[in-house]
Each structure stands twice: as structure tokens, then as C-alpha cells.
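Input: a single structure, listed below in C-alpha cells.
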Amino acid sequence: MADIIFYTNPRSRGQIVRFMLEELGEPYETVLLDYGTTMKSADYLAINPMGKVPAIRHLGADGKGRVVTEAAAICAYLADAYPQSQLAPALPDRAAYYRWLFFAAGPVESAMLDRARKLETEGQQKVMAGYGSWADVMQALDIAVSGGEWLAGERFSAADVYAGLSMDWLAMFGMMEPSAPVAAYLQRLRARPAYQRAKAIDAELGAAAGG
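Structure representation (C-alpha cells):
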């Protein structure tokens, strides 16, 4: 049995963790779940009470089976659990690593959901929303990708997995027109073999599930 059990659906944020696992290069077992049925079963709710994916169970050396949910947390955990992957940078690059990983999990995620629902922040709502405005988030992403080849410097990291796929989705779904720095960053991201493997795996699983 693999040390990592991965709970996902190919049409979910599980794609982020799939990318992370492919970058990690460690054996893992995939458990596919369906919305509204197995994702809400008692067995899976015991793993994630929110009844959503992704989640992992990491058996580790002691075989205790530690559960991690939330895609950003899973990426950060796996990077630390497998330091040989070098997906978590050493200090001082950890500053940028944490900054952009959790910027993507917080302001970008919130702004993206509001954008999808056609909700615009105005006036006092900009303060309440926490991310200001869509323009503020886009400007910050330009800054994020302009500091080096990757978000935490010259080495690819788990921050690029999470934040990179967030930008990738925004571009693919037409929610943003990538600036020149973001477009160049996404070109580098999409050229990674792990990105291409992860996309191919989830595309095949999605097709097998019916489209």
C-alpha cells in the first residue's frame, strides 16, 4: 500500500493536489469520490466532515494515517513531509513561499469566487471582502510573478502548485486576461512534466466518468 491515500474527483480542486503529488514523485493511491453520494458517505465524512475533496491520508513511518484537508494545507504538508522533493524552500525564501501560497488560498480564492458569481466589491465592501478589488488582486499577482522565475525565487515550490493552478484556471476560464509577466509564468508552469501528467490523468478519469 502507498503511504499517501488521495481522495479526489477529477473535476475538483483535487487537480491541485494531483499536480503536487506528481511533482512529489512518491507513490500514491487514488480514491475517486462522486459529488452527493460517496463524498457525503459516513466513511468519507469521518475523513472530512465538510464532505468535499481533496483530502489525503498520510500513513507515514509510524502508519498512523494522518488526515490533511484543504488543498493549500495539503501542498504545504507534503512539501514538509518529503523534504527530499525540495518543494519547500529554505529560509529566507520561505517568506515569499508562505506569502504567495496563502495569498492564493485567501484573497485570490475569495476574489475568484466573487468574480464567478458576478459580485463586485464597492465602497465599504472592499474592506469587508478582505481582498479589496479584483484589480488589486490582479496587480498583486503581477508582482508575485515578477520577482524571479518562480514565486519563491529561482526554484519551483509548492506555492507554484497552488497559486500557479489558481492563475491557470483564471486564464483558462476567461476570468482574466494574463499580463505579459503572468503569461510567461503560466508558460513555464504548463511546460512542467508533472503538470502535463496531472492534467492527462484527470482528463482521462473525467472522460471515463462521463465527459
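In terms of full-length UniProt numbering, the sequence shown opens at residue 1 and continues consecutively. Glycine included, C-beta positions come from ideal geometry on N, C-alpha and C.
DSSP beta-bridge partners of residue 213: For residue 213 there is no data in the structure shown, the boundaries of the chain being 1 and 211.
Cβ contact (3+ pairs, closer than 8 angstroms) linking the segment 48-58 and the segment 2-20: yes
Start and end residues, beta strand (DSSP E) containing VAL67: 66-69
Between the CA atoms of VAL137 and ALA171 - distance to the nearest angstrom: 14 angstroms
CA-to-CA distance, MET1 to ASP142, given in whole angstroms: So the two alpha carbons sit approximately 42 angstroms from each other.
Top-ranked residue by Cα proximity to GLN139, from MET128, VAL182, THR121, ALA158: Of the residues MET128, VAL182, THR121, ALA158, the one whose Cα lies closest to the Cα of GLN139 is VAL182.
Rounded separation between TYR195 and GLN15 - CA only: 10 angstroms
Distance CB(TRP100)-CB(LEU151) smaller than 8 angstroms: yes
Proximity of TYR131 and SER110 at Cβ, strictly below 8 angstroms: A Cβ-Cβ contact shorter than 8 angstroms links TYR131 with SER110.
CB of TYR162 within 8 angstroms of CB of ALA104, strictly: yes
For GLY132, three-class secondary structure by DSSP: coil
Reduced DSSP category for LEU24 - H, G, I as helix; E, B as strand; rest coil: helix
GLU29 in three-state terms, based on DSSP: strand
Beta-carbon proximity check, LEU45 vs ASP3, cutoff 8 angstroms: No, they are not a contact pair.
Secondary structure of ALA55, DSSP reduced to three states: strand
Option in TRP134, GLY153, ARG115, LEU21 with minimal Cα separation from ASP80: LEU21
For TYR44, three-class secondary structure by DSSP: Three-state result, TYR44: helix.
DSSP three-state assignment for THR38, whether helix, strand or coil: helix
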